[in-house]
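Here's the structure, in structure tokens; my notes come after.
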Amino acid sequence: MRLSEYFLPTLKEFPKDAEIISHQLMLRTGMIRQASSGIYVWLPFGYAVLKKIEQIVREEQVRAGAIELLMPTIQSADLWRKSGRYDDYGAEMLRMKDRHDRDILYGPTNEEQITDISSHYFKSYKNLPKTLFHIQWKFRDEIRPRFGVMRCKEFLMKDSYSFDISEEEGRISYSRMFLSYLKTFQRMGLKAIPMEAESGPIGGNLSHEFIILANTGESKVYIDKRILDLEIADNVDYENDSKNIVEEWTQYYSVTDDMYDQETYEKKVGQENRLEMRGIEVGHVFFFGDKYTKPLKANVQDSEGKINPIQSGSYGIGVSRLVAAIIEASHDDKGIIWPKSVSPFDYVLLNLSPKDENLAKLSEMIYKKISQNNSLLYDDTTSSVGEKLNKADLIGIPQQIILGKNSIQNNTLELKERSSGKVQVIKIDEFLKQFNNG
Ligand code: ATP
Ligand code: MG
235 MRLSEYFLPT LKEFPKDAEI ISHQLMLRTG MIRQASSGIY VWLPFGYAVL
285 KKIEQIVREE QVRAGAIELL MPTIQSADLW RKSGRYDDYG AEMLRMKDRH
335 DRDILYGPTN EEQITDISSH YFKSYKNLPK TLFHIQWKFR DEIRPRFGVM
385 RCKEFLMKDS YSFDISEEEG RISYSRMFLS YLKTFQRMGL KAIPMEAESG
435 PIGGNLSHEF IILANTGESK VYIDKRILDL EIADNVDYEN DSKNIVEEWT
485 QYYSVTDDMY DQETYEKKVG QENRLEMRGI EVGHVFFFGD KYTKPLKANV
535 QDSEGKINPI QSGSYGIGVS RLVAAIIEAS HDDKGIIWPK SVSPFDYVLL
585 NLSPKDENLA KLSEMIYKKI SQNNSLLYDD TTSSVGEKLN KADLIGIPQQ
635 IILGKNSIQN NTLELKERSS GKVQVIKIDE FLKQFNNG
């Protein structure tokens with residue numbers, strides 16, 4: 235992609251009304267534009283990141299055994315009346331009427347809708363277990379939308395729902411989702427910590443929020459530092475490892491302020507391991523048994539012929555919130571530092587003297603060669619050297635390929651790693667070898 239032809243409306247000034255760094259940087263790099271309060275346009279650069287994140291989330295859901303479908307954004311009020319949530323949900327729900335005066339709503343979540351599906355298709359223990367997911371826009375009329383896409387009204391969520399024959403089986407589905415979350419966030423370069431959350435009717439440690447530590451987070455958290463040393467192996471096996479991984483990751487005290495109890499914290503966590511900070515919730519896993527299946531009559535026959543409500547759980551990830559959360563976790567005073575896995579482009583190519591004909595030719599050649607198999611943003615504009623270098627740092631693409639005055643004479647380029655700022659001078663032929671065979 236040539237920058238001269240791309241649509242990247244960057245801002246030089248810091249936007250005054252954005253309170254947190256991720257919101258400032260998303261506006262400055264032309265990722266989003268506010269359409270109205272809490273509602274955003276995803277401009278091309280932002281949308282590219284959103285899609286990368288969505289794809290990582292999807293891949294780890296599928297690896298964990300979940301199956302993708304797509305439910306509509308608009309739902310009928312009827313199901314919500316049956317579950318009792320039509321009245322309980324309150325003002326966050328956007329309610330509308332169709333032309334026949336029927337009550338409809340823009341879905342803030344999908345438990346009712348998916349439970350209705352399960353009641354039609356899952357009749358026998360032979361149909362279970364099943365975990366279904368979709369990645370779909372949600373609407374919540376938040377009382378105080380703020381921090382850009384971090385807390386907005388229209389946002390993209392991945393929500394999965396597990397259906398099992400028994401609570402015991404349900405725990406297995408829960409563990410798989412738990413592991414899937416750890417892997418998903420790790421692949422994005424994030425350390426998301428599972429924290430015990432309010433667990434509703436079943437109790438027993440079956441609700442966790444996944445939180446990224448950041449000073450700008452909305453939740454206060456209390457953790458045992460040792461949890462920060464845990465990691466998930468790349469080749470982890472969902473079928474065999476999930477249960478042990480849940481045990482490993484839940485052995486240390488880690489809660490948000492809703493669940494905080496000073497006495498337990500001080501008893502369980504030695505002074506040297508205590509960490510009190512703030513964090514951003516990026517996901518929530520919750521096993522709630524028959525909370526929705528009972529009122530919506532989603533029943534299943536077990537192997538002995540007995541009919542019981544399906545045991546179910548729901549699992550959300552804030553896909554669009556993650557874009558901001560990653561920036562909160564990965565930036566410096568020059569701009570964003572995208573982890574490779576979510577960067578909109580693999581490389582940015584800077585021609586610092588575009589008026590030099592030979593250099594322009596060389597840049598074209600390099601641009602064409604690399605972009606055959608990699609995504610590359612080519613700054614072919616006539617902006618000043620300083621502007622180009624600053625913009626490349628601001629937009630945070632992991633690798634910068636820099637061509638300047640000496641490139642022709644010495645047959646070299648500079649390869650700058652955005653995260654460390656390290657610059658290597660490399661012979662151009664040597665550098666291009668890795669892009670052969672494409
Ligand atoms: P919060 O406490 O932040 O309001 P929640 O408990 O309402 O979150 P869930 O219903 O569990 O959130 O939704 C799943 C995920 O969707 C959350 O973990 C979060 O990442 C994301 N999310 C929820 N509300 C918003 C919002 N208003 N804007 C952006 N993302 C959101
Ligand atoms: Mg909420």
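Under the working numbering, residue 672 is the last one in the sequence shown; the count climbs by one each step, no gaps.
Each residue gets a CB set at the ideal place from its N, CA and C atoms; glycine is no exception.
What you are looking at is a predicted structure, and each value in this text was computed from that prediction instead of being measured.
Any non-hydrogen atom of the ligand ATP within 8 Å of residue i CB
i: Thr343; result: yes
i: Asp393; result: yes
i: Ser476; result: no
i: Lys387; result: yes
i: Glu443; result: yes
i: Met429; result: no
i: Gly280; result: no
i: Gly517; result: yes
i: Met493; result: no
i: Val383; result: yes
i: Gly550; result: yes
i: Ser554; result: yes
i: Glu452; result: yes
i: Pro363; result: no
i: Pro243; result: no
i: Pro379; result: yes
Reduced DSSP category for residue i - H, G, I as helix; E, B as strand; rest coil
i: Trp371; result: strand
i: Glu345; result: helix
i: Asp728; result: Because the chain spans 235 through 672 in this model, residue 728 falls outside it and cannot be assessed.
i: Gly539; result: coil
i: Arg410; result: helix
i: Ala467; result: coil
i: Arg460; result: helix
i: Val503; result: coil
i: Lys525; result: coil
i: Phe520; result: strand
i: Ala426; result: strand
i: Asp251; result: coil
i: Met384; result: helix
i: Leu556; result: helix
i: Asn417; result: First, the residue type needs correcting, since residue 417 is Lys and not Asn in the sequence shown. Helix at Lys417.
i: Glu376; result: coil
i: Tyr234; result: This structure cannot settle anything about residue 234, because the visible part of the chain is limited to 235 through 672.
i: Ile570; result: strand
i: Gly404; result: helix
i: Glu515; result: strand
i: Tyr240; result: coil
i: Gln545; result: strand
i: Ser433; result: coil
i: Glu481; result: helix
i: Phe669; result: coil
i: Glu452; result: coil
i: Ile399; result: coil
i: Lys360; result: helix
i: Ser394; result: strand
i: Asn533; result: strand
i: Thr498; result: helix
i: Tyr472; result: helix
i: Leu440; result: coil
i: Leu261; result: helix
heavy atom of the ligand MG below 8 Å from residue i C-beta
i: Arg374; result: yes
i: Glu326; result: yes
Quiz item: How do the segment 385–393 and the segment 366–374 stand: do at least 3 beta-carbon pairs fall below 8 Å, yes or no?
Solution: yes
Self-check item: Uninterrupted beta strand (DSSP E) stretches inside the segment 578–659 (no shorter than 3 residues)
Solution: 581–585, 610–613, 633–637 and 646–651
Practice problem: Tell me the start and end of each unbroken beta strand (DSSP E) in the segment 270–338 that is at least 3 residues and wholly inside, in chain order. | Solution: 273–276, 308–310 and 328–331
Quiz item: Are the segment 521–532 and the segment 404–413 in contact at 8 Å, needing three or more beta carbon pairs?
Solution: yes
Self-check item: Three CB pairs or more closer than 8 Å across the segment 310–327 and the segment 444–456
Solution: no
Practice problem: Pair every Cβ in the segment 551–569 with every Cβ in the segment 622–631, then say whether three or more of these pairs are closer than 8 Å. | Solution: yes
Exercise. Examine the Cβ distances between the segment 490–502 and the segment 454–467 and report whether three or more of them are shorter than 8 Å.
Key: yes
Quiz item: So does the segment 282–296 actually touch the segment 542–562, counting three or more Cβ pairs closer than 8 Å?
Solution: yes
Quiz item: At a cut of 8 Å, does the segment 419–431 reach the segment 460–476 through at least three beta carbon pairs?
Solution: yes
Quiz item: Touching or not, the segment 262–271 and the segment 379–389, by the rule of three or more beta carbon pairs under 8 Å?
Solution: yes
Exercise. Decide if the segment 339–351 is in contact with the segment 305–315; the criterion is three or more beta carbon pairs, one per stretch, under 8 Å apart.
Key: yes
Quiz item: How do the segment 532–542 and the segment 344–356 stand: do at least 3 beta-carbon pairs fall below 8 Å, yes or no?
Solution: yes
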